[in-house]
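*Asks:*
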Amino acid sequence: MSAQQPTDDDFEKQPSVAPVDQLLSAQKDSNGDLPSPVSAQVPRPKLKVSATAIIPVWIVLSSAVILYNNHLYSTLNFRYPVFLVTWHLTFAAIGTRVLQRTTHLLDGAKDIHITKDMFVRSILPIGLLFSASLILSNTAYLYLSVAYIQMLKAFTPVAILIISWTFRIQEPNKKLAVIVLMISAGVALASHGELHFNLIGFITQAAAVAFEASRLVMIQILLHGLKMDPLVSLHYYAPVCALINSLVLPFTEGFAPFYELARIGPLILISNACVAFLLNVAAVFLVGAGSGLVLTLAGVFKDILLITGSVLLFGAQITPLQVFGYSVALGGLILFKTSGGK
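Using UniProt numbering, you'd call the opening residue of the sequence shown number 1 and step up by one each time.
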């Protein structure tokens with residue numbers, strides 16, 4: 001497996017990206033704390049695991065990350081999302097380097113050569129979008145319920161399509177327009193039915209979706225020749241994003257989270273970061289586990305479990321209008337996947 005390094009001409013031409021459904025396949029972990037920053041052309045892991053084995057593990061880990069983070073924010077009142085994301089990324093940066101030296105999970109990194117020019121023109125801007133997406137998506141949990149946030153995340157494919165159409169990466173057509181309308185209407189109904197709507201939280205999550213969609217599109221444009229699985233991508237992006245977040249931290253949360261560390265305790269912080277990191281390890285095997293539709297249905301099932309868990313564990317209230325609206329949005333997402341994003 002050899003990674004073709006983009007040249008200056010490649011950047012100037014800005015070739016067409018893969019279909020948008022591949023963008024979403026690259027974002028299999030869009031609801032987790034650490035979305036997998038992978039490119040569309042992802043190598044299959046050498047050690048294959050069957051879909052029936054890895055999908056339940058991925059569902060459990062992805063749900064656990066979100067519920068654990070929300071437990072920190074709501075139950076333990078540790079309301080410092082910037083610090084938590086920075087800690088997760090620092091842990092991931094160390095973890096990927098340990099795995100690189102002790103396992104074969106990051107062998108793909110040997111074929112990728114990051115030059116200074118590539119770092120400045122590709123890795124850094126994508127890392128900035130990655131950091132913004134993570135910080136904003138975690139901050140939204142301070143204002144909105146887990147259930148409602150999962151409903152808003154259904155708008156991600158629409159954001160990707162709009163960006164792709166705006167920059168003429170993909171041409172619009174009637175079928176995609178209907179799907180966009182269907183998902184948008186479903187999310188709008190879910191929002192209208194939200195009993196505890198918070199404008200700041202809504203804007204924060206909407207911005208997170210926009211940054212995440214932009215990140216995925218930029219990966220296709222800038223890193224189209226590279227082959228990165230989720231763990232290799234995290235190996236390169238985690239240190240960059242951790243540094244970016246550490247520069248933001250003094251201006252957002254200051255020293256306040258550090259004063260709370262004694263109350264929270266190291267066990268909770270380390271276990272929380274471990275769950276997030278294991279989710280990315282699981283994502284490596286998820287890449288080759290099944291078809292895009294199977295993984296989409298697994299994601300839908302996971303979201304339903306998360307919404308149910310939010311109601312049972314945190315007392316979130318959902319209305320019949322929200323259930324109907326979210327069902328419409330999920331129907332649009334499944335229709336989008338079955339159409340191949342075209």
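Even glycine gets a Cβ: it sits at the ideal position worked out from N, Cα and C. This one's a predicted model, so the numbers in the text were calculated from it and none came from an experiment.
At the level of alpha carbons, what is the spacing between Val120 and Leu226?
*Replies:* Each residue's Cα considered, the two are about 16 Å apart.
*Asks:* Between His108 and Val232, which are expected to be in contact by the criterion C-beta below 8 Å, what is the C-beta distance as a whole number of angstroms?
*Replies:* Reading the sequence as shown, one finds Gly at residue 108 and not His. About 5 Å separates the two Cβ atoms, so the contact holds.
*Asks:* Taking Val187 and Leu152 to be in contact with their CB atoms under 8 Å, please state how far apart those CB atoms are, rounded to whole angstroms.
*Replies:* Indeed, because the Cβ distance is near 6 Å, the residues count as touching under 8 Å.
*Asks:* Using only the alpha-carbon positions, how far apart do Ile244 and Leu312 sit?
*Replies:* For Ile244 and Leu312, the distance between alpha carbons rounds to 36 Å.
*Asks:* Mark Gly325 as exposed unless 16 or more other C-beta atoms lie within 10 angstroms of its C-beta, in which case mark it buried.
*Replies:* When all chains shown are included, Gly325 counts as buried.
*Asks:* Just verifying my parser: in three-state terms, what is the DSSP assignment at Tyr80?
*Replies:* DSSP places Tyr80 in coil when its eight states are reduced to three.
*Asks:* Is there contact between the segment 134–150 and the segment 200–220, where contact requires at least three CB pairs shorter than 8 Å?
*Replies:* The segment 134–150 vs the segment 200–220: in contact.
*Asks:* Is the separation between the beta-carbon of Ala273 and that of His71 shorter than 8 Å?
*Replies:* Cβ atoms of Ala273 and His71: not closer than 8 Å.
*Asks:* With a 10 Å radius around its C-beta and 16 neighbouring C-beta atoms as the bar for buried, classify Ile318 as buried or exposed.
*Replies:* Per the 10 Å Cβ criterion, buried.
*Asks:* Relative to the C-alpha of Gln205, which residue among Ser214, Leu136, Tyr237, Trp165 is closest?
*Replies:* Minimum Cα distance to Gln205 is reached at Leu136.
*Asks:* Evaluate the contact criterion for the segment 102–117 versus the segment 250–267: three or more CB pairs, one atom per stretch, below 8 Å.
*Replies:* No: fewer than three Cβ pairs fall under 8 Å.
*Asks:* Helix, strand or coil for Pro172, going by three-state DSSP, please let me know.
*Replies:* Of the three classes helix, strand and coil, the one that applies to Pro172 here is coil, per DSSP.
*Asks:* My guess is that Thr156 and Glu212 are in contact by the Cβ rule of under 8 Å, so how many angstroms apart are they, rounded?
*Replies:* About 6 Å separates the two Cβ atoms, so the contact holds.
*Asks:* Pick from Tyr237, Thr52, Asn77: whose alpha carbon is nearest that of Thr86?
*Replies:* Among Tyr237, Thr52, Asn77, the Cα nearest to that of Thr86 is on Tyr237.
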